[in-house]
Amino acid sequence: MTEDMVLPAQHQPVTVGEPLLEVSGLTKYFPVKGGFPVRRTVGQVQAVDGIDLTVRVGESFGLVGESGCGKSTTGRLITRLLEPTAGKVSYRGQDITHASRRELAPIRSEIQMIFQDPYSSLNPRQTVGKIISGPMEINGVEPEGGREKRVRELLEIVGLNPEHYNRFPHEFSGGQRQRIGVARALALEPKLIVADEPVSALDVSIQAQVVNLLQEVQRELGIAFLFIAHDLAVVRHFSQRVAVMYLGKIIEVGDREAIYTRPRHPYTHALLSAVPEVSLTDDGDSAGRERIRLAGDVPSPISPPSGCRFRTRCWKAQDKCATQEPPLLRISGNHEGHLTACHFPEDPTTQARDEDIVLDPALAALEEEG
Amino acid sequence: MDGGPQPDPNTATVKVEGRSPGQLMWIRFKRDRTGVISAFVVAFFFVVAAAAPLISKLYGKNPYTVYADERPELFDSAGVPVQPNGGISSEFWFGLEPGNGYDVFTKLIYGIRTSLLISLAVTVAVVLTGILLGVTAGYLGGKTDFFIGRLIDFLLAFPSQLFFIASMPVVVSLFVSPRDETPTYVRVVALIVVQWVLGWMSLARILRGTTLALREREFIEAAKVSGASPWRIIRREILPNVVTPLLVQATYILPSFVTIEAGLSFLGVGIVEPTPDWGQMFSKASTELVLQNDITYMFFPGVSMVVFVVAFNLLGDSVRDAFDPKTAR
Amino acid sequence: MLRFLVRRILGAVVILFLLSIVTFLLFFGMPRDPALLMCGKTCNPTSLANIHHVLGLDKSIPEQYWIFLHNLILGSNQFAQGPCPAPCFGYSYHTNDPVWSTMMDRLPTTVSLTLGAAVVFLFVGLGTGMLAAWKRGTMLDKTVTAGSMVISSMQIYFLGPLALAALVYQSHIFDKPAYNDFTADPVTWFTGLIIPWVVLSTIFASQYTRMARSSMIEQLQEEHVRTARAKGMSRRYVFFRYAWRGSLIPIVTIFGIDLGSLLGGAIITEYTFGLPGLGRLAVESVQFSDLPLLLGVMLFSASMILLFNILVDATYAFIDPRVRLA
Amino acid sequence: SKGGSNASDNEKKDQQNAKRQQASIKFGDAKDSTGPAAAVPGAKTGGTLEVLQRDSYAHLDPGQIYVSDEGSLATLIHRGLTGYKSTNNKGSGHEVVGDLATDSGTTTDGGKTWKYTLKDGIKFSDGTPITSADFRQTYERLFASFINQGPTYLQQWLADTNGADYRKLLPDGPYKGKHLPNSILETPDSKTIIFHFKTAHPDLPYALAMAGYAVVSKKGDTKEKYDKAPLTTGPYKIQSFKSGKSMVLVKNPDWDPKTDPIRNQYVDQMDFTFNVQYEDSTKQLLANSGADQAGISFNNSVDAGNISQVLGGDAALKARTVAGYQPYVGQININMKHSALQDKTVREAIAYALPITPIIRAFGGSSAAEVAGGFISPTVSGYDASFDPWGKKKNPGGDAAKAKALLKKAGKVGLKLTYGYQNTPEGQQYSTAIAAALEKAGFNVQRQDIPAETYYDQVGKVDNNYDIYASAWGADWPSASTVIPPLFDGRAIADGSPNYSHVNDSKANSDIDAANAISDPVKSAAAWEKLDQYLVKDVINAVPTIDYKQVQIAGSKVGGLVYDDVIGGIDPRRLYIK
Amino acid sequence: MTTLTKDAGTPAPADAGAFLSVRDLHVSFRTEDGVVRAVDGLSFDVERGRTLGIVGESGSGKSVTNLTVLGLHNPQFTTVEGEILLDGQELITARESELEKVRGNKAAMIFQDPLTALSPYYTVGRQIAEPFMKHRGASKRAAWDRAVEMLAKVGIPNPKERAKDYPHQFSGGMRQRAMIAMALVCDPDLLIADEPTTALDVTVQAQILDLLKDLQQEFGTGIIFITHDLGVIADMADDIMVMYAGSAVERGTTDEVLRAPQHPYTWGLLNSMPRLDSDLDTPLHPIPGAPPSLLTPPSGCRFHPRCTFQDRVTGAGRCVGERPLLAPDRASACHLTADQKRTIFLEEIKPRLA
Ligand SMILES: Nc1ncnc2c1ncn2[C@@H]1O[C@H](COP(=O)(O)OP(=O)(O)OP(=O)(O)O)[C@@H](O)[C@H]1O
Ligand SMILES: Nc1ncnc2c1ncn2[C@@H]1O[C@H](COP(=O)(O)OP(=O)(O)OP(=O)(O)O)[C@@H](O)[C@H]1O
Ligand SMILES: [Mg+2]
Ligand SMILES: [Mg+2]
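Keeping their order, the protein sequence lines are chains S, W, A, L and H.
Here this note's numbering = 1-based position in the first sequence + 769.
Here this note's numbering = 1-based position in the second sequence + 174.
Here this note's numbering = 1-based position in the third sequence + 43.
Here this note's numbering = 1-based position in the fourth sequence + 3.
Here this note's numbering = 1-based position in the fifth sequence + 11.
So, in structure tokens, the structure goes:
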């Protein structure tokens, strides 16, 4: 279905380049309640802690990182589902950091969102038609030929049968639901879509359908994406520029090439090396890639480590890392636009080194024995 | 992704109208024999209640005739029917009430009518309040939630029966000055009010929980991203999804209100003679007059209420199962 | 734990405080004047006013409330009937007895009634419920399920009089229920309460049966129970160690609520069986517009409810290590 | 079993009992007033009596005692200046004698001044002798506001007022240093008490025999607290009293039988249990096992369910049973203040239409109540069993046809009658049936419930909204002077006054004055009887409904069982254990 | 911090004969809506020391198969047919008490979501010690010590203390380690790991996979590793079985299946998977359509409604009418001839994978 999807001709590719969304110093702390005898705020989850990023018109910007590092929070701050603690979000130069619902009305239609869970993202009590026409109704958009016609068009665009207009979500499979979600996001002809792990709940075979759909939408309609995912391969496939997050901070950002082939931050290295890969070449094991095994999980964002947040799991950490927070800079050896926040960056390669890095004590012990 | 049964939407192009969750539930419910039977029993009670005047007209008696004075030969001087089994005869199908000798059959059907009317009204009031406060608390969260939550805690700490007893006269006095007649409808309204005041909390809690869970669902965020107003979100996104637990809960709370109302009348603070009422019949049934002489009378309100409550609870279970087929019993 | 207790008790005190205000207002909303009752046959405005004065009813409501609070916490020597140490609810308008000791007099009846029945219905209910869950799908299960459904739909005000009629009035097997002091004669204490216990336990036990069964079945579908089976633990072990623990939570919750409200006065039960417990006292206090007694019983009942609420929450922490008390 | 059938034998006996009561009561002299009391034939001393009572005693302070339960108890523990002495062993013959006083009182001016002298050797249970100062205290404290339950005859007579105005005489009682002047109450020495009234009160010896005027210790007067722990003067004292639960009476060693012409002291101890319902006490006593063999209830009746068994004719049971009338008569009052009801024909219609059966039914059938003819109870002088102006004895269901005809005659068919009823199960039951019967006679009846506890306050208001309402009145002593004047004296109409009909009939008023002035009890009884019939038949401000009856039973070991008409129940003073 | 020289990764030599042998397994559930044929004619073997990877889409019957092996389904609603031989012992007909002896002892299981799969009410140590007590008859003390030892082995720092903790006090990765410790406490010969890493982050997943591999080396356990991530399976498995709609469509060694797959469904899987080294300019090639309903499975080849190659099968309508079977050794259940498969893969599929 999706392979030969036809998009309406009036949408011409837009020039990629000028910034669409600019985020600087964006911070979100969630209060932690507790205390005695009266409950009050006793701490903060530093979910997002001062990140800067720019999404340009028509580009797909990927955001990767481990669970809990603040990806979704970032996405929801940008779509104004959450109120930022600090920082600034501007869309086309307009500050929308603290805009109210009414103030946002004109640009609401331009920023849309696609969600992770195809089951919870569609209201089970509404028909597909209602779900997709909902945003139009809310914003009073009355397309030519009526909303229903537009919805049927959208259904066709996302590769669903327009006849499904009166169906309910529970009658669709996960992949199809995700398409409905995409259709809903497209309904207002947005300029920017924040996609929060749109494919991670789907099976591989379905995942590809949706990725392809998104890709075509992005290319053909010139919609910019903030693409959040934890699957590095999918991000690589979909995004032109990629930012790696760790514990509420962006630790490395750059174009696809830079991040996947010339990463500098040790964490990026570790992340890439942890991805299990199918090797289809006949040369046996994927000897070409390094192997790094980090110890433990991401520390708690309630009391993140001082200085460089990655230092507790980093094999290159030194005293300086504990005291001084590395700024996100274009460090020497980086290409234009490739920024890394590290005092002691790695070499710009993903090739295997002579020795594995194994930080996990149990693994180390077992491997010693074995 | 659950691999559960899914009709293949691609192939089924002929039938374009989808089956809503409500329709699916209805289909499942119709297959549940216990549920359908219970529904008929429950419906029977409501029909009897609604048609009580008609039935008694056909039967030729009313629940207000004092047969102890009309037909003194049927009673001894204390008002106990002299015939065995509570005076059951072809004339008085369910016998005669000890005391003033009302006709038990008409008294029972009118009693059910009163009881169901009150309980239905309380249920409606409770459901509306539950929705209003529960959904508001769940959706708005923060301070509103806190205050509604504390209000619920506070009301839950009330010794409810004692409060009912203590507040009935107060509520009645709000409607009538102490020296005027208390019309039956005032008692009815007072009963509704007191049960309502202390009856809505658990439903509100459940709905709050449901709303809280719904609020986390991504379709709410989708609506927000599209700029939907809170009012629209509540109306269009949350309320339709609250209907399911609401319906299930409502089928459970209605019979419980029937028993509470009966309990109040039993204690003498509810409906009083001569207005026929289920609970008032229990209060009559527990008098020495009945206990000492002939307990036949006791069975009519007793058995009918047990049947009603059982049927309603079974109906509730079936409705719940129909909505949520996964819960195995 | 201590923090939890302090916090919850503080909360409970606030609730009791509010409740006492509501009761106060409720009382003054009542369409009767307690003084009229005391005033006797030859009542005239002066003596009525006099009684108002003696009862303190001539003071403003806030002032009366203040006095009530003051007496409650600090006790009082101002009463004509004698000293009243804290917790002082004053003297009953109707009987002139100190409210506190009246309540304490009635308490053993209510406690005997409630605890006696609670022990039975908890164990019988849990037992049959778990048995039904264990034998799920068998005839036994179906019988228990159907039986408990029917019995739990009966009300005390139906089953109670029925039992009285059958066992006391018609067959004379038992005496009419009565409360006899346990310390004086345990045997009559026991025989006097048998019928109420049986009736109360029957109805409650069937409710607990239903609850225990469904909660057990729900637990058996939990994934961790499946894990335990995958470890090779026997069905019995899994049933009684893994599933049972989790199934307790809803039961403890309801048990706490039931016990709290029963201990605060099982009004219908006491009324049905003519037992002079707190529930009867409560009804009397309303009948006679006896504010001190009403306040006393109301606050006592609410304290019971709140106390058991706290106990339930504390019990959660014992059952479920995930629950942290603070 | 059916409540209250086949009791006609007993009814006859009761009526005979009551007939004898009509013989007037003599005021005894010093000889009659000398102790000890006549021995009860066959009596033995010792043993413990089990007393099963439904209601706990709300008051033990004599000044607060008015209701019959406490009155029965008071015969054992409290003594006043006068008292009723039984003149036969059947409970039907009485005379008023001096109890703590040497005689029933002497008056020289037809009842305006009364003089009493105290006996020697009379003591409170703490051993202190009783003096006239104690009596001054006793009477003066009746004016204090905390005494509000007891009788008010004496107070009103002393203050010469009606209603509650008497309190103005001594608003704080004796407690703030003020006392009644000698012109009203004189205690010239420690043995003498003299009452000075402005108007004649020949009934004083009766009044002083009420428990409400029994003596209170001046030294031991603890005001409100006295109500729970009084000093006693009778043959028994209170060992323990747990309100609502139990009470133990033991012999009072400070009681000297030689001073008491009325009471005996046979039983060593009396154990009271409260909260025993009628059916329970009946059942226990019927079962007659263990301690219950020495069991009795002073005030519990046999319950309706067991009455036929008790009256069934078993001789052994009969010996343990006593029955009689209570001094109460029920009536339905017609509110004379309401204009529609000032039409006598309407009132007549009500009187004809009113059914008595619902009331009898509600109170448990024919063994608990019977149709009343007039307002005077069978236990009071002036009762006439044949008086039945509305034909209720023959036709207790009422005569709707006659009533309807009368109503038509008055042109008031469909007249709205607001019927205030006591909101109790019984009240609900009979009021509904009465309403139904009145409706049949052409009235439009509006029932209005009145909370039981404030019922009499509501209907006692002069401007109450009700047209008809039930009440019951019992004589305070066996003379209609405690029935007719309080109920029907039009000059005493006031809020809270028992003239519930608000009747103000000039002939009745003057007849009351006339009858009150008669100092010969026999003549006065005849005068009251005539007045009663006039009121029932011609004034029709109220319709008499029922005479209350009761049947009581005791364990087989209880001896001296007598139904005392003045007490209105078993006489506790004569009991012994066989 | 330790550095190790890279292991060559030679798989342990296979034992003679299969330890677990499943033959023609059918599992169906009675549900409200009808009978769900969750597993439909499945056969496979697992040898000691080797890892069988099972891949397949959601709902293809992977979990059901493995729960059936241990007899953990609800007998009331389930019908099981076929043969399961574990170490020569027939399990389908075995009594519950015999199954209890097998579970956790000879064969153990790890579940996907360690948070719900561990009891919240008991300490981690106790939960690990229990099967040891039961199967080895060890004393409480000994079992506890063993639990601590196992915790140490799976890399829980400070195991003595952590054994006293409850599962909710562990992080996700640690919980999964505890699950593994619990499964391995009795040295089982067969370990069934049902998507043990799906809920975990890549970095943690890599730790766990390494751990499992190392433990297998040490204990010589046979592993059934269920996943839908081909990358993971490539990393873990010696043999691969691809499942679709309740039955196996392809089976073989890892190399064979990944480098020369023969079934259109496997091709589809490989084609639709983005990789870190795949070509960026070509779009992914997803399998069209959606997985079938197991209530009314498609006739003939279950995959035919989604298959783009059915027109090449000789004999019209075979795919719709006739169900292709899996040959006993390595093969695929497809009507295409072996030659066709080879050429299609080499000429049409492989180039896209580059
Ligand atoms: N509403 C909230 N209140 C408190 N803490 C929150 C809230 N939302 C998120 N957090 C915390 O903020 C941190 C970042 O959460 P976020 O959801 O952004 O992570 P994520 O990168 O999207 O993770 P995942 O990959 O699991 O979706 C987490 O530690 C989370 O627990
Ligand atoms: N107890 C059950 N009752 C009814 N159907 C069931 C039951 N258990 C599983 N199924 C069905 O059996 C099929 C196979 O399920 P199974 O859990 O084995 O899939 P899976 O391959 O493990 O999928 P996933 O990757 O999602 O874990 C599904 O269609 C599922 O709906
Ligand atoms: Mg997220
Ligand atoms: Mg699975």
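A virtual CB, placed ideally from N, CA and C, is assigned to each residue, including glycine.
A quick note: this is a predicted structure, and the numbers were derived from the prediction, not measured.
Straight through space, the alpha carbons of L365(W) and V346(W) are spaced by roughly 9 Å. CA-CA distance, S135(L) to Q67(L), rounds to 20 Å. Per DSSP, the continuous beta strand (DSSP E) segment holding F830(S) begins and ends at 829-834.
Per DSSP, reduced to three states, the secondary structure at E206(H) is coil, with no helix or strand assignment. DSSP places Q451(L) inside the beta strand (DSSP E), whose first and last residues are 447-453. By the criterion of a C-beta distance shorter than 6 Å, L91(A) is surrounded in its chain by A78, C82, once the five residues flanking it on both sides are discounted. In this structure, ligand 1 has no non-hydrogen atom nearer than 7 Å to the beta-carbon of F1079(S). Minimum Cα-Cα distance from D58(L) among the listed residues D72(L), P428(L), Y424(L) corresponds to D72(L).
For Q881(S), the chain W residues whose C-beta falls within less than 7 Å of its own C-beta are V399, listed in chain order. Annotation: G499(L) to Y239(L) spans about 36 Å, alpha carbon to alpha carbon.
With distances taken between CA atoms, T89(H) lies nearest to V46(H) out of E160(H), G52(H), V46(H). Shortest gap from the CB of H939(S) to any heavy atom of ligand 2: 7 Å or more. Cβ atoms of T131(L) and T120(L) stay farther apart than 8 Å, at about 19 Å.
The closest CA to that of M185(H), considering only L195(H), P199(H), V324(H), G166(H), is found on G166(H). Under DSSP, M254(H) forms a beta bridge with G67(H), A259(H). Burial is judged here by how many other beta carbons sit within 10 angstroms of a residue's own beta carbon; V980(S) has at least 16 and is buried. By the C-beta density criterion, R1062(S) is buried, having at least 16 other C-beta atoms within 10 angstroms. Interface annotation for the segment 323-334 of chain A against chain W: A325, V326, V329, criterion Cβ-Cβ distance under 7 Å. Judged by their CB atoms, E143(L) and L183(L) are nearer to each other than the 8 Å cut-off.
For the pair L318(A) and V340(A), the CB atoms are not nearer than the 8 Å cut-off.
For A473(L), the closest Cβ of chain A is not nearer than 8 Å.
Secondary structure at E53(L): strand, using DSSP grouped into helix, strand and coil. Within the segment 934-953 of chain S, contact with chain H at the beta-carbon level (separation under 9 Å) is assigned to F941, S942, G943, G944, Q945. In the displayed model, L364(H) falls within a helix according to three-state DSSP. Contact of E111(H) with chain A by beta-carbon distance below 7 Å involves G275, S277.
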